[in-house]
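Asker: Counted the way this note's numbering counts, the sequence shown spans residues 10 to 117.
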Amino acid sequence: MARYLVQASYSQQGISDMIKNPHDRAASVRPVLERMGGSVEAFYFALGDFDIVAIFDVPDNVSATALAMAIGASGGLKDYKTTVLIPMDEAVEAMRKAGTIGYQPPGG
Numbered sequence: 010m011a012r013y014l015v016q017a018s019y020s021q022q023g024i025s026d027m028i029k030n031p032h033d034r035a036a037s038v039r040p041v042l043e044r045m046g047g048s049v050e051a052f053y054f055a056l057g058d059f060d061i062v063a064i065f066d067v068p069d070n071v072s073a074t075a076l077a078m079a080i081g082a083s084g085g086l087k088d089y090k091t092t093v094l095i096p097m098d099e100a101v102e103a104m105r106k107a108g109t110i111g112y113q114p115p116g117g
């Protein structure tokens with residue numbers, strides 16, 4: 010299972026719809042993720058560059074991309090950003106592997 014940070018901003022219409030019908034958006038997203046074999050780890054309304062910050066567990070990149078496409082096509086959002094989250098043990102493994110690659114920078 011892969012983990013993703015999702016940051017999103019609602020469109021003007023999306024905000025208008027939520028004001029008319031206030032509800033927990035995480036409760037709306039949760040069943041969608043579950044049908045894909047995933048889950049919601051965290052879901053927050055936020056102030057700043059994004060209105061929503063969430064962490065989703067999704068089976069793979071194809072599923073994460075499909076989710077972004079489906080949500081983006083709905084028109085409720087104006088921005089949707091997905092960041093793959095890499096567990097620290099995998100990051101350490103990547104660091105070790107990077108030390109063995111032998112990459113030479115330009116002019117090096």
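We put the CB at the ideal spot given by N, CA and C, even for glycine. Please read these numbers as outputs of a predicted model, since none were measured by experiment.
Identify the residues that DSSP records as bridge partners of residue 94: which are they?
Answerer: Within the sequence shown, numbered from 1, the residue matching residue 94 stands at position 85. Per DSSP, 12.
Asker: Quickly, what does DSSP pair residue 61 with across the bridge? List them, please.
Answerer: Mapped onto the sequence shown, residue 61 falls at position 52. BP columns for residue 61 point to 17, 54.
Asker: Tell me, which residues are paired with residue 37 by DSSP?
Answerer: Residue 37 sits at position 28 when you count from the first residue of the sequence shown. The partner list for residue 37 (beta bridge, DSSP) is empty, contrary to what the question assumes.
Asker: Count the other CB atoms within 10 Å of the CB of residue 47; is the residue buried (16 or more) or exposed (fewer)?
Answerer: For this step, residue 47 is matched to residue 38 along the sequence shown. Classification for residue 47: buried.
Asker: Three-state secondary structure (DSSP) at residue 26?
Answerer: Residue 26 sits at position 17 when you count from the first residue of the sequence shown. If DSSP states are grouped into helix, strand and coil, residue 26 belongs with the helices.
Asker: Tell me the DSSP bridge mates of residue 67?
Answerer: By 1-based counting over the sequence shown, the position of residue 67 is 58. For residue 67, which the question treats as bridged, DSSP gives the partners 11.
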